[in-house]
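Residue numbers (this note's numbering): 56 to 920.
Glycine residues also receive a C-beta, built at the ideal position from the N, C-alpha and C atoms.
These figures come from a predicted structure and were not determined experimentally.
A short worksheet on the structure shown next.
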């Protein structure tokens with residue numbers, strides 16, 4: 056049996072691991088909680104706290120000691136966030152002595168107010184400073200700060216330190232039992248759950264497409280009022296939507312407009328799910344080759360789904376016939392079935408074969424013009440699903456229900472996977488040994504996690520060019536440490552002036568508003584949300600304490616519920632987290648017999664002091680203005696966009712990854728015709744495409760993921776400007792406009808990267824020289840925009856080169872590949888227009904532009920799907 060597995064194309068254990076991975080991806084999971092990450096984190100926290108309380112109650116320790124143990128279990132559970140179980144165990148083991156030392160110090164110093172405050176400030180500085188050492192440093196720092204805070208909050212007598220130590224042992228032990236036993240979740244299982252959620256989100260997106268097609272048949276084609284079709288996810292993530300609904304459309308618009316909004320929302324959620332999978336692949340797959348294959352196929356599925364949505368959203372295309380709606384419904388049912396199982400049911404195989412047939416031009420001949428592009432996109436999506444099955448080992452061998460053409464597709468995909476795995480092995484052998492291990496890959500830099508486990512400063516990173524982050528006081532972790540320390544010192548003084556007993560609430564608020572923020576605007580927004588959640592939580596807490604007074608069991612149950620809700624909603628709403636934590640505090644005070652209504656009012660006042668102190672420190676101590684921060688992130692986005700487009704065009708010009716001198720002998724890659732300087736674009740620019748030096752290998756899919764990470768950071772950074780209460784209306788509109796354009800640019804860059812990654816060796820496309828000219832012009836314009844942000848005063852005279860009107864593409868050898876070639880031209884053309892559209896809001900001239908309206912008009916067209 057092992058021999059037959061090896062004969063099929065690879066080592067038996069490795070293929071068995073991939074098959075096991077594919078077998079587990081079965082159940083459709085809730086799309087609102089990808090991979091059940093939030094549910095798992097909340098359940099783990101509640102179980103750890105509940106088990107700790109149960110053990111301590113059986114041991115008969117006093118109530119204050121039980122509260123200390125419960126809080127220690129909570130903190131140790133939420134602080135540890137590494138991916139690998141081994142790393143989690145090490146961090147948890149190191150956290151126990153750290154917690155013991157800080158609790159002992161806090162308890163011993165509690166009677167000495169000045170000394171306790173001084174040590175607390177030093178603990179705060181150290182806790183923030185060690186975040187530079189990655190997730191482990193962040194976890195240990197959080198444990199140190201929170202346990203010192205708990206010692207001040209519970210106020211246990213020094214004589215009971217031995218019982219406190221016992222409570223800590225129980226808390227960390229129960230946390231370990233839950234994490235590694237009762238609720239053990241391996242990286243592989245997390246990936247399986249994320250894949251199930253991605254499948255659910257894909258099904259929802261296809262369902263929204265079918266609903267849009269039905270609405271279009273019912274309401275008729277989109278009129279001029281709908282405007283250009285924006286990138287499918289633009290309107291769902293805070294970007295400008297289509298113009299206002301015409302009179303008579305109702306408050307929510309027509310059925311078509313509601314369907315369009317729903318589809319855009321579904322595409323955004325699909326994109327988020329794909330990125331979360333890509334974040335976890337390196338630690339969750341049997342080998343690096345499988346990780347690369349799954350990443351490539353997931354990216355391909357996402358791009359084809361986005362392209363299908365863009366076709367349906369484009370009001371300028373000819374209207375489709377009911378055939379498209381019927382096929383979308385079939386696709387919806389097919390995606391809802393077990394699409395990764397070993398044997399495909401007969402009915403599903405028939406639907407899949409029919410959809411795959413739409414990849415071929417001859418099967419589209421004679422169909423209405425309005426249907427052809429949508430049907431072709433459905434065929435590409437079905438092909439992407441088949442490719443994922445092959446990558447995961449779920450499609451090994453022939454399926455008796457397959458058509459001959461489907462068998463041929465599978466053989467092509469299997470051959471491609473074998474070829475890519477061989478190339479991946481050769482590249483791995485050429486890398487330094489340190490980079491071949493997971494630890495070595497993680498040390499070389501990382502991406503921002505999207506599940507709430509990591510923060511913006513979780514790990515030190517280096518730029519692609521090898522330049523480390525700034526040192527000294529300019530280093531983010533150092534700057535934040537000084538800001539938090541100064542703000543906390545101010546909060547201690549202000550909090551003690553208001554209440555010598557409850558001052559620590561102000562310090563805790565100051566600490567929290569700095570977590571995950573990088574500018575004064577972000578701190579202001581987070582402080583506002585915390586204050587609002589606290590105020591509403593006070594009302595709820597007052598009501599709950601009146602209901603449960605004298606009922607200890609009910610109080611503990613409600614406390615556990617509040618803990619669960621607080622950490623379930625933590626990644627999505629800081630306001631809700633503050634609400635549930637405040638309600639939980641009211642229940643705790645009831646258990647400790649220290650509850651009064653005045654204490655809730657004091658809670659709000661101390662929270663306000665903490666927000667003000669944090670904001671003041673951010674403004675006065677090594678400040679990072681929102682404009683500076685957003686400009687820096689915008690530069691990063693433009694640089695990442697340039698990286699993706701350069702590498703994609705370089706590969707489409709016939710070069711293999713990591714090679715700059717053309718395709719290797721004996722290969723037939725996608726070859727661009729020799730460029731003609733300035734041919735047909737009217738710009739006078741050289742048509743040469745900047746190549747990447749051979750010494751600098753670019754992982755195209757990784758570069759696209761870094762672009763999405765950078766754009767995600769920019770989107771978060773502009774939230775203070777786009778917040779509804781922001782008084783800066785003009786800057787708010789500009790920020791929304793720029794982010795909308797960059798969202799569209801990222802969509803087209805992903806599409807370009809997917810084409811470059813998925814073209815097989817038997818394809819040969821020869822673009823018109825104007826495509827190469829546009830690519831060179833695009834790179835030059837991106838460089839100009841980046842320099843204008845770095846040196847705005849010195850670069851005022853530098854202008855962008857205008858774009859050309861049309862781009863065409865010629866195809867030889869394989870006429871059926873003409874849709875691929877046209878997509879390459881279309882993506883580059885749209886990117887060219889988007890960059891021109893960025894000129895006006897960024898204050899950069901365009902050569903020969905007639906006025907500001909020219910760039911704005913180009914931007915509107917560039918956003919078209």
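Task: Contact set for residue 543: own chain, Cβ-Cβ below 7 angstroms, skip 5 residues either direction - done: 176, 179, 562, 565, 566
Task: Burial state of residue 463 (16 or more Cβ within 10 Å) - done: exposed
- [ ] Quick one: grab the DSSP three-state call for residue 902.
- [x] coil
Task: Integer-rounded CB distance, given that residue 806 should sit under 8 angstroms from residue 362 - done: 7 angstroms
Open item on the list: If the criterion is Cβ atoms closer than 8 angstroms, does the pair residue 120 and residue 158 meet it?
Closed with: no
Open item on the list: Under 8 angstroms, with one C-beta from each stretch per pair, do the region 214-234 and the region 123-137 reach the 3-pair mark?
Closed with: yes
Task: Rounded straight-line distance, which links the Cα of residue 651 to that of residue 918 - done: In this prediction, residue 918 has a pLDDT of 48, which is less than 50 and means its spatial position is unreliable; what the coordinates show is noted afterwards. Distance between the alpha carbons of residue 918 and residue 651: 57 angstroms.
TODO: Could you tell me which uninterrupted beta strand (DSSP E) segments, each at least 3 residues in length, are contained entirely in the region 586-641, listed from first to last along the chain?
DONE: none
Task: Beta-carbon gap between residue 249 and residue 335 smaller than 8 angstroms - done: yes
- [ ] Output yes or no for whether 8 angstroms exceeds the beta carbon distance between residue 410 and residue 267.
- [x] no
Task: Where residue 799 falls, given that 16 or more other Cβ within 10 Å makes a residue buried - done: buried
Task: Extent of the continuous alpha helix (DSSP H) run through residue 122 - done: 118-134
TODO: Locate the alpha helix (DSSP H) running through residue 692, then write down its first and last residues.
DONE: 681-707
Task: Three-state secondary structure (DSSP) of residue 830 - done: helix
Task: Neighbour-count burial assignment, residue 779, 16 or more Cβ in a 10 Å radius - done: exposed
Task: Rounded separation between residue 893 and residue 698 - CA only - done: 18 angstroms
TODO: For residue 903, I'd like the list of residues in its chain whose CB is within less than 6 angstroms of its CB, leaving aside the five on either flank, ordered along the chain.
DONE: 857
Task: Chain-order list of residues whose beta-carbon lies under 7 angstroms from that of residue 269 (same chain, five-residue window excluded) - done: 380
Open item on the list: Does the contact criterion of 3 or more C-beta pairs under 8 angstroms hold for the region 105-121 versus the region 310-317?
Closed with: no
Open item on the list: Whether or not the region 585-592 and the region 628-644 are in contact is what I'm after, with contact meaning three or more pairs of Cβ atoms, one per stretch, closer than 8 angstroms; do they touch?
Closed with: yes
Task: Rounded distance between the beta-carbons of residue 844 and residue 690, thought under 8 angstroms - done: 5 angstroms
Task: C-alpha gap between residue 900 and residue 684, whole angstroms - done: 23 angstroms
- [ ] Might you give, ordered along the chain, the residues of its own chain that have their beta carbon closer than 8 angstroms to the beta carbon of residue 537, omitting 5 neighbours on each side?
- [x] 180, 528, 676, 677
Open item on the list: Does the structure place the region 130-146 close enough to the region 655-670 that three or more beta carbon pairs sit under 8 angstroms?
Closed with: no
Open item on the list: Does residue 389 come out as helix, strand or coil in the three-state DSSP assignment?
Closed with: helix
Open item on the list: Considering only their Cβ atoms, is the gap separating residue 468 from residue 441 smaller than 8 angstroms?
Closed with: yes
- [ ] Could you check which residue in 670, 576, 360 has the C-alpha nearest to that of residue 265?
- [x] 360
TODO: Go ahead and pull the three-state DSSP assignment for residue 801.
DONE: helix
Task: Cut-off 7 angstroms between Cβ atoms - residues of its own chain near residue 655, not counting five sequence neighbours on either side - done: 593, 596, 597, 641
Open item on the list: Could you check whether residue 457 and residue 404 sit closer than 8 angstroms to each other, using their CB atoms as the reference points?
Closed with: yes
- [ ] For residue 854, write down the residues that DSSP places opposite it in a beta bridge.
- [x] 900
Open item on the list: Going by DSSP, what residue range makes up the alpha helix (DSSP H) through residue 152?
Closed with: 140-164
Open item on the list: Quick check on residue 889: buried or exposed, where buried means 16 or more other Cβ atoms within 10 Å of its Cβ?
Closed with: buried
Task: Three-state class that DSSP yields for residue 255 in the structure shown - done: helix
Task: When 797, 613, 346 are compared against residue 472, the one with the closest alpha-carbon - done: 346
- [ ] Sort 271, 423, 142, 657 by Cα distance to residue 370 and report the nearest one.
- [x] 271
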